[in-house]
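In this note's numbering, the protein residues as written are 1318 to 1535. Where a beta carbon is used, it is the ideal one built from N, C-alpha and C, also for glycine. Structure, as structure tokens:
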Ligand code: SF4
Ligand code: SF4
């Protein structure tokens, strides 16, 4: 099933796909499928010192695409007799994080790592991706993931952040998020400075300035 699932997702628009053991989750599912969908370079490159309306629309459209693709993958799993739970592409529950961390699944599935920006860095597209996750009881052969530090000496995201929310700390599986990012400063800045664009739900500057995944390293 591992190869079948990966082929299914890639043939429908995913750039990368992989599987891993799932951490504890409310559904008791033991496995997770993770995949990436690359964002439009032209749209990401259009972000300067503020997100654009086009970026916000693209963000929402790609999220809707991921919700649909995860559901289709779930239908495929169900047709083989397995249970599935598509994790919503973008959702917080009572102000808390969603039902399962997309970033955790993507790292555990070997698709990339976490950058100093706290964003997921795909090994092929850097931060220019959105993530999809499906929890399942389908047993997969698991290959060990070995996430590498891709940031090196770079600090572009920390220097560019208008909220000064990125500390520049290097990620490891044991690094608390609070050591890397002042999430409240990030959220407060988005709500106050970008309220007129996507109701303050997006920013994208730290993604835009990251050299990883760009075709021109600008
Ligand atoms: S999303 Fe914007 S405000 Fe938040 S950490 Fe990135 S650059 Fe800073
Ligand atoms: S901008 Fe530089 S430091 Fe920040 S996530 Fe990208 S590579 Fe890492």
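Take the Cβ of residue i as the centre, count every other Cβ of all protein chains shown within 10 Å, and call the residue buried at 16 or more, exposed below.
i, result
"residue 1351", "buried"
"residue 1370", "exposed"
"residue 1395", "exposed"
"residue 1512", "exposed"
"residue 1353", "buried"
"residue 1374", "exposed"
"residue 1501", "exposed"
"residue 1388", "exposed"
"residue 1489", "exposed"
"residue 1406", "buried"
Would you report the Cα separation of residue i and residue j, rounded to the nearest angstrom?
i, j, result
"residue 1364", "residue 1467", "23 Å"
"residue 1445", "residue 1397", "33 Å"
"residue 1334", "residue 1427", "9 Å"
"residue 1509", "residue 1485", "23 Å"
"residue 1503", "residue 1523", "11 Å"
"residue 1440", "residue 1451", "20 Å"
"residue 1291", "residue 1330", "Limits of the chain in this structure are 1318 at one end and 1535 at the other, which puts residue 1291 out of reach."
"residue 1411", "residue 1343", "Its pLDDT being 49, under 50, residue 1411 is placed unreliably by the model, and the measurement read from it follows with that caveat. Answer to the nearest angstrom: the Cα atoms are 15 Å apart."
"residue 1425", "residue 1531", "24 Å"
"residue 1413", "residue 1526", "Note that residue 1413 scores a pLDDT of 48, beneath 50, so its modelled location is shaky; the value from the coordinates is reported in the next line. Distance between the alpha carbons of residue 1413 and residue 1526: 27 Å."
"residue 1482", "residue 1328", "38 Å"
"residue 1447", "residue 1431", "13 Å"
"residue 1402", "residue 1416", "10 Å"
"residue 1480", "residue 1499", "9 Å"
"residue 1376", "residue 1392", "25 Å"
"residue 1400", "residue 1419", "19 Å"
"residue 1336", "residue 1319", "7 Å"
Is residue i helix, strand or coil when you go by DSSP?
i, result
"residue 1437", "strand"
"residue 1555", "No statement about residue 1555 is possible, as the shown extent of the chain runs from 1318 to 1535 and does not include it."
"residue 1351", "strand"
"residue 1575", "The displayed coordinates of the chain run from 1318 to 1535. Any statement about residue 1575 would go beyond what the structure contains."
"residue 1480", "coil"
"residue 1460", "coil"
"residue 1422", "helix"
"residue 1527", "coil"
"residue 1412", "Residue placement at residue 1412 cannot be trusted, given a pLDDT of 48 that sits under 50; what the coordinates show is reported in the next sentence. Correct three-state label for residue 1412: coil."
"residue 1449", "strand"
"residue 1503", "helix"
"residue 1517", "helix"
Is any heavy atom of ligand 1 found at a distance shorter than 6 Å from the C-beta of residue i?
i, result
"residue 1370", "no"
"residue 1478", "yes"
"residue 1331", "no"
"residue 1483", "yes"
Beta carbon of residue i: closer than 6 Å to some heavy atom of ligand 2?
i, result
"residue 1529", "yes"
"residue 1521", "no"
"residue 1504", "no"
"residue 1471", "yes"
"residue 1434", "yes"
"residue 1468", "yes"
- Task: Take every Cβ of the region 1450–1466, pair it with every Cβ of the region 1513–1522, and state whether three or more of those distances are shorter than 8 Å.
- Result: Output reads no: the region 1513–1522 does not touch the region 1450–1466.
- Looking at C-beta atoms only, is the number of pairs between the region 1424–1444 and the region 1466–1486 that lie closer than 8 Å three or more? Yes, they touch.
- Query: Are the region 1454–1461 and the region 1340–1350 touching by the rule of at least three beta carbon pairs closer than 8 Å?
  - Reply: The answer is yes - the region 1340–1350 touches the region 1454–1461, with three or more Cβ pairs under 8 Å.
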